[in-house]
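Residue numbers (the working numbering): 26 to 215. All C-beta atoms, glycine included, are put in the ideal place defined by N, C-alpha and C. This report refers to the structure that appears directly beneath it.
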Ligand SMILES: Nc1ncnc2c1ncn2[C@@H]1O[C@H](COP(=O)(O)OP(=O)(O)OP(=O)(O)O)[C@@H](O)[C@H]1O
Ligand SMILES: [Mg+2]
């Protein structure tokens, strides 16, 4: 079964393909209300309304390498089966927001997976893009903004695999502290 981090990576890859320079990922878990919402917003090229209307259809893609686009439709089908759904809002020239919600404790809902590794891999390999990540569980939260990190640590820091390996461990620890159930990160770098 795909874990959530792979689904989120799919959505972030769409934002990268759309030329985004800032990608914001927010995960909001409400244990009391048994819900989880994941929102990915970007400032990429956006989609025209007529295209947007069918963007979660598995046969819609602007890819030329493969005929079927699956990222959005697969996540939508899965979120729906976990008691939720997926919604896309987009404005040509301004950006796109994908919101996915589902029952947090649904029996078929996969774990988050190694999201700290996924995120740090994205940050490391896409230096031209800034990422903002917010994770909330009840009234606890963790926040990261690469614009702030670049300012604090210097512009080269996020291109250093050793710094990123440390950051990855710190994120994993922080998520553990706010109560995100995760696959334990193996020791070492990437
Ligand atoms: N954030 C976005 N900004 C602009 N267009 C988007 C965005 N997300 C999706 N799209 C458009 O919607 C289409 C469908 O996306 P989807 O992720 O479902 O499939 P895909 O990216 O084409 O293929 P796959 O994800 O299977 O590699 C994309 O080809 C793209 O044209
Ligand atoms: Mg895609």
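query                                                                                                                       : result
heavy atom of ligand 1 below 6 Å from residue 121 C-beta                                                                    : yes
Neighbourhood of residue 81 by C-beta distance below 7 Å, restricted to the same chain and skipping five residues each side : 97, 98, 101, 111 and 113
Short Cβ contact (7 Å threshold) for residue 49 with residue 162                                                            : no
Contact set for residue 44: own chain, Cβ-Cβ below 7 Å, skip 5 residues either direction                                    : 69 and 70
Counterpart residues of residue 160 in DSSP-defined beta bridges                                                            : 52 and 167
Assigned secondary structure, residue 107 (DSSP; H/G/I helix, E/B strand, else coil)                                        : coil
Cβ contact check for the segment 118 to 138 and the segment 178 to 186: 3 or more pairs under 8 Å                           : no
Rounded separation between residue 143 and residue 151 - CA only                                                            : 12 Å
Whether residue 11 touches residue 159 by CB criterion (7 Å)                                                                : Because the chain here runs from 26 to 215, residue 11 falls outside it and cannot be looked at.
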